[in-house]
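Residue numbers (full-length UniProt numbering): 1 to 247. All C-beta atoms in this analysis are idealised placements derived from N, C-alpha and C, irrespective of residue type, glycine included. Quick notes on the structure that follows.
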Amino acid sequence: MKTIVEKIIKLRNPDFTLDKTLNSGAVFLLIWVQFWSLIRGLKTIFFLRNPKGMLLGKRVGFFNVSKIQWGKFLRLGNDVYISALAKQGIEFGNNVSIGAFSRIIVSTSLNNIGEKIKIGNNVGIGEFAYLGGSGGLEIGDDCIVGQYLSCHPENHNYEDPDISIRHQGVNRKGIKIGKNCWIGSKVTILDSVEIGSGCILAAGSVITKSFPDNSIIGGVPAKLIKMRTYDDYQSDYTGDLLCRKSL
């Protein structure tokens with residue numbers, strides 16, 4: 001049975017292998033859960049859409065499905081909500097996984113609709129994420145993300161002290177995250193930030209400015225700790241900082 005399960009999972013992740021210590025009961029439960037997730041994924045047929053092997057948890061909700069595109073084997077955990085009230089919509093690549101209780105919402109306002117959210121191939125995002133897309137949000141291929149990621153590609157205007165901030169409108173520049181990044185848990189990324197490919201964002205960081213490829217970033221507000229080199233693997237301090245509260 002383990003061999004069959006491993007072959008099925010390899011369709012989604014060719015590099016996957018089951019842990020040799022995994023007991024048969026857990027394997028059976030895994031099959032049961034994934035079977036019903038696959039069945040729930042078939043509900044997209046009612047929207048005249050091909051599920052492409054989609055796996056849906058319980059109570060997953062969609063808004064404006066016509067503006068949502070997905071690749072093969074999209075997996076959405078329990079209570080995920082996706083709202084594509086957007087000019088360009090939401091796009092998921094192949095083999096994308098979104099953790100339970102996450103919210104992927106381009107816009108909440110009908111008078112100033114936002115841009116888009118685009119998530120690349122082989123991206124895994126942990127539970128309780130909030131991904132806004134008002135000014136545009138792009139996450140590159142092969143990124144791994146811990147729990148509670150928060151992205152906010154929009155800022156409120158506040159220059160006039162005589163007018164309520166909520167009546168002064170917003171400005172939007174967008175957020176871009178490169179390929180092959182490791183983002184720790186409870187990271188917040190604010191508008192106008194561009195993160196290069198191969199970056200590592202330490203748990204709990206608040207990212208307020210852009211960083212180049214292969215940066216190791218941490219703090220509130222986040223600063224460059226160092227660039228990724230082979231010497232980094234010898235640094236206990238850096239490893240502890242990145243792993244704390246993270247994946």
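Per DSSP, Leu29 is one residue of the alpha helix (DSSP H) stretching across Ser24 to Gly41. Per the coordinates, the alpha-carbon of Pro161 lies some 15 Å from the alpha-carbon of Val170. Taking Val220 as reference, the option from Lys179, Glu91 and Val206 with the minimal CA-CA separation is Val206. In the three-state reduction of the DSSP assignment, Thr188 falls in the strand class, which pools E and B. Apart from the 5 residues on each side of it in sequence, Tyr148 sits with its Cβ closer than 6 Å to the Cβ of Phe128, Ser185 and Lys186 in its chain, given in chain order. Ranked by Cα distance from Trp182, the first of Gly196, Phe46 and Tyr81 is Gly196. Annotation for Arg166: His156 place their beta carbon closer than 8 Å to its own, counting only its chain and skipping 5 residues before and after.
Around Val106, the same chain offers Ser83, Ala84, Leu85, Ala86, Gly89, Ile90, Ile113, Gly114, Glu115, Lys116, Ile117, Gly132, Gly133 and Ser134 as residues with beta carbons nearer than 8 Å, after the five sequence neighbours per side are excluded. The beta-carbon distance between Ile144 and Ile119, rounded to whole angstroms, is 13 Å. This is too long to meet the 8 Å contact definition. In the structure shown, the three-state DSSP call for Ile4 is helix.
Residue environment: Ser164 is assigned as exposed (fewer than 16 neighbouring CB atoms within 10 Å of its CB, all protein chains considered). For Asn180, the closest C-alpha among the options Ala26, Asp141 and Leu22 is that of Asp141. Per DSSP, reduced to three states, the secondary structure at Val65 is helical. Residue pairing for Met227: DSSP places it in a beta bridge opposite Ser215. Among the bridge pairs identified by DSSP, Ile119 is matched with Phe92 and Ile139. DSSP, read as helix, strand or coil, puts Ile98 in strand.
Around the Cβ of Glu154, a 10 Å sphere holds 16 or more other Cβ atoms; the residue is buried.
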